[in-house]
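Below is one structure, written out as structure tokens; the observations come after it.
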Amino acid sequence: LKAFEGDKVLRILAKNEDQISLLQDLTEMDQLQLDIWKEPTHPTLPVDIHVPFESLQSVKAFLEANEIEHYIMINDLQALIDEERHEMQSTRFIEPRN
Amino acid sequence: TDNFDYAQYHTLDEINAFMDMLVAENPNLVTKLRIGSSYEQRPLYVLKFSSGPNRPGFWIDTGIHSREWVTQAAGIWFAKKIVIDYGRNQAFTAILNKMDILLEIVTNPDGYHYTHTTNRMWRKTRKPNPGSSCVGVDPNRNWDAGFGGPGASSNPCMETYRGPSAHSESEVKSIVDYVKSHGNIKGFISIHSYSQMLMYPYGYTKTPVPNQPELHDLARRAIANLASLYGTKYTYGSIITTIYQASGGTIDWTYDQGIKYSYTFELRDTGRYGFLLPANQIIPTAQETWLGLMTIMQHTKDNLY
Chain A
12 LKAFEGDKVL
22 RILAKNEDQI
32 SLLQDLTEMD
42 QLQLDIWKEP
52 THPTLPVDIH
62 VPFESLQSVK
72 AFLEANEIEH
82 YIMINDLQAL
92 IDEERHEMQS
102 TRFIEPRN
Chain B
140 TDNFDYAQYH
150 TLDEINAFMD
160 MLVAENPNLV
170 TKLRIGSSYE
180 QRPLYVLKFS
190 SGPNRPGFWI
200 DTGIHSREWV
210 TQAAGIWFAK
220 KIVIDYGRNQ
230 AFTAILNKMD
240 ILLEIVTNPD
250 GYHYTHTTNR
260 MWRKTRKPNP
270 GSSCVGVDPN
280 RNWDAGFGGP
290 GASSNPCMET
300 YRGPSAHSES
310 EVKSIVDYVK
320 SHGNIKGFIS
330 IHSYSQMLMY
340 PYGYTKTPVP
350 NQPELHDLAR
360 RAIANLASLY
370 GTKYTYGSII
380 TTIYQASGGT
390 IDWTYDQGIK
400 YSYTFELRDT
410 GRYGFLLPAN
420 QIIPTAQETW
430 LGLMTIMQHT
440 KDNLY
């Protein structure tokens with residue numbers, strides 16, 4: 012199973028078309044292994060990016076250097092997945108309702 | 140299926156068993172069609188709900204993007220809702236007495252299985268890409284509608300990789316072949332998550348569709364009905380004006396095939412959980428979405444063309 016320990020999902024709020032264009036450049040950087048949940052298209056729409064732990068510093072540096080507003084939407088992706096899996100497994104042991 | 144837990148996420152095997160149970164319990168109303176196979180040779184099943192022969196069809200698909208688990212879960216709930224409401228709910232009975240409903244609950248089974256076994260965040264199909272170590276195609280960029288244009292990637296490592304050619308993915312081609320062979324589908328709804336949006340064509344061009352005023356008004360009424368249950372706020376409009384330019388999308392192709400009532404939903408939420416929507420949100424999401432679907436199905440029934 013692929014693990015996502017330390018991965019975060021960032022919500023990024025671009026102010027203008029220039030920042031959208033910068034974010035589009037960011038999403039094309041294959042080496043960062045970003046998983047784009049919501050693509051950068053328009054300043055009125057938020058951008059959500061799942062950032063692997065290894066790329067966090069680079070992405071944060073990029074956003075801060077370009078003064079692009081962002082916050083952490085999901086702090087620990089693996090924790091949420093573990094919670095989901097636990098929920099699924101625990102319900103399997105419940106007796107079916109009559 | 141009364142004992143099935145609709146408030147939990149389920150594996151592919153559990154969903155397939157659910158479909159078999161539903162068919163067994165409702166042999167005169169529900170049939171399971173196999174419209175093709177996925178890349179990894181999993182069957183592609185469509186549940187056909189029909190109260191009589193030679194009816195026009197209304198298509199609903201869920202789960203073309205495998206990680207959007209609330210959509211497959213909502214599809215299961217819709218299937219049960221259909222058999223419960225037929226013969227009991229007057230408005231719905233009138234719909235199913237005039238149109239068949241065709242429901243594909245797991246449109247990308249390879250991806251769905253992969254999300255349960257290997258990578259919960261997987262979106263695409265699972266077909267290898269020759270010359271690349273990256274796997275899969277975005278099946279919502281693979282349709283022959285502005286294929287290869289802006290809003291899709293030519294890079295196999297991107298989540299919006301369009302594939303080598305239109306309809307290269309068997310998961311897409313199977314629907315294409317079915318829709319063409321059916322020849323009488325009047326409404327087509329493709330369900331995604333998340334963002335809370337209801338959209339109509341086009342995604343690949345800013346040119347408005349000829350039926351834009353009608354589709355826009357119907358979308359407005361559908362989200363008003365949806366919001367009447369829990370107050371969930373949806374935005375609506377054409378894909379390109381509401382979310383972003385996207386070429387090779389499902390409903391652009393269906394609209395260009397002559398299916399006027401073509402829509403795509405983006406279900407809950409707006410960004411707290413994304414694709415990891417907690418299971419306790421499944422039933423409320425499905426319930427409110429059903430109200431939106433009802434508005435579109437009723438309008439389609441009343442305006443067959």
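Note that the protein sequences, when read in sequence, are chains A and B. Basically the working numbering = 1-based index in the first sequence + 11. Basically the working numbering = 1-based index in the second sequence + 139. Where a beta carbon is used, it is the ideal one built from N, C-alpha and C, also for glycine. If you're wondering where the values come from, they're calculated on a predicted model, not measured in any experiment.
Between the alpha carbons of leucine 45 (chain A) and alanine 213 (chain B), how many angstroms are there, rounded? 28 Å
Rounded to a whole number of angstroms, what is the C-alpha to C-alpha distance between asparagine 109 (chain A) and asparagine 142 (chain B)? At asparagine 109 (chain A), the pLDDT of 49 sits below 50, so the modelled position is not reliable; the number obtained from the coordinates is stated separately. Distance between the alpha carbons of asparagine 109 (chain A) and asparagine 142 (chain B) is about 7 Å.
When you compare the CB of methionine 40 (chain A) with every CB in chain B, is at least one pair closer than 8 Å? no
Taking 8 Å as the cut-off, does the region 57-70 of chain A touch the region 19-39 of chain A (at least 3 CB pairs, one atom from each stretch)? yes
So which residues on chain B does lysine 13 (chain A) lean against when the C-beta distance must stay under 9 Å? Thr257, Asn258, Arg259, Met260, Trp261
What would DSSP say about tryptophan 208 (chain B), mapped onto helix, strand or coil? helix
Assuming isoleucine 47 (chain A) is part of the beta strand (DSSP E), what are its boundary residues? 46-49
Best match in B:Gly270, B:Leu183, B:Ser307, B:Phe188 for proximity to alanine 163 (chain B) [C-alpha to C-alpha]: B:Phe188
Under a Cβ-count criterion, where at least 16 other Cβ atoms within 10 Å of its own Cβ denotes burial, should proline 278 (chain B) be classed as buried or exposed? buried
Does the Cβ of alanine 25 (chain A) have 16 or more other Cβ atoms within 10 Å, making it buried, or fewer, making it exposed? buried
Rounded distance between the beta-carbons of alanine 284 (chain B) and tryptophan 198 (chain B), thought under 8 Å: Wrong, their Cβ atoms sit about 16 Å apart, outside the cutoff.
Residues of chain B with CB under 9 Å from histidine 53 (chain A), in chain order? Ile382, Tyr383
Have a look at B:Gly388, B:Arg359, B:Ser320, B:Pro267 and flag the residue whose alpha-carbon is nearest the alpha-carbon of isoleucine 435 (chain B). B:Arg359
In this structure, how does DSSP classify glycine 214 (chain B) when only helix, strand and coil are distinguished? helix
3 or more residues per run - each beta strand (DSSP E) lying fully within the region 288-333 of chain B: 324-332
Ordered along the chain, which non-local residues of its own chain (more than five positions away) have a Cβ less than 7 Å from that of isoleucine 234 (chain B)? Met436, Gln437, Lys440
So, does the region 415-434 of chain B touch the region 199-219 of chain B, judging by three or more C-beta pairs under 8 Å? yes
Which residues, taken in chain order from the region 23-34 of chain A, show a beta carbon closer than 8 Å to some beta carbon of chain B? none
Which chain A residues are close to alanine 418 (chain B), counting only those with a beta carbon under 7 Å from its beta carbon? Glu98
Measure the CB-CB distance between serine 377 (chain B) and proline 340 (chain B) and report whether it falls below 8 Å. yes
Kindly give me the distance between the Cβ atoms of alanine 230 (chain B) and glycine 387 (chain B), rounded to whole angstroms, as I take these residues to be in contact under 8 Å. That pair is no contact at about 35 Å.
With a Cβ-Cβ cutoff of 8 Å, do glutamate 310 (chain B) and threonine 246 (chain B) count as a contact? yes
Any idea what DSSP makes of histidine 149 (chain B), helix, strand or coil? coil
Alpha carbon to alpha carbon, what distance is there between asparagine 155 (chain B) and glycine 175 (chain B)? 15 Å
Just to confirm, are lysine 263 (chain B) and glutamate 298 (chain B) a CB contact at a threshold of 8 Å? yes
Would you say tyrosine 148 (chain B) reaches chain A, if we count a Cβ-Cβ gap shorter than 8 Å as a contact? yes
Determine the burial state of glutamate 39 (chain A): buried for a count of at least 16 other Cβ atoms within 10 Å of its Cβ, exposed for fewer. exposed
Outcome for aspartate 59 (chain A) when other beta-carbon atoms lying within 10 angstroms are tallied against a minimum of 16: buried
Does the beta-carbon distance from proline 248 (chain B) to leucine 151 (chain B) come in below 8 Å? yes
Please say whether valine 315 (chain B) and histidine 306 (chain B) have beta carbons closer to each other than 8 Å? yes
Host alpha helix (DSSP H) of isoleucine 422 (chain B) (start-end): 421-441
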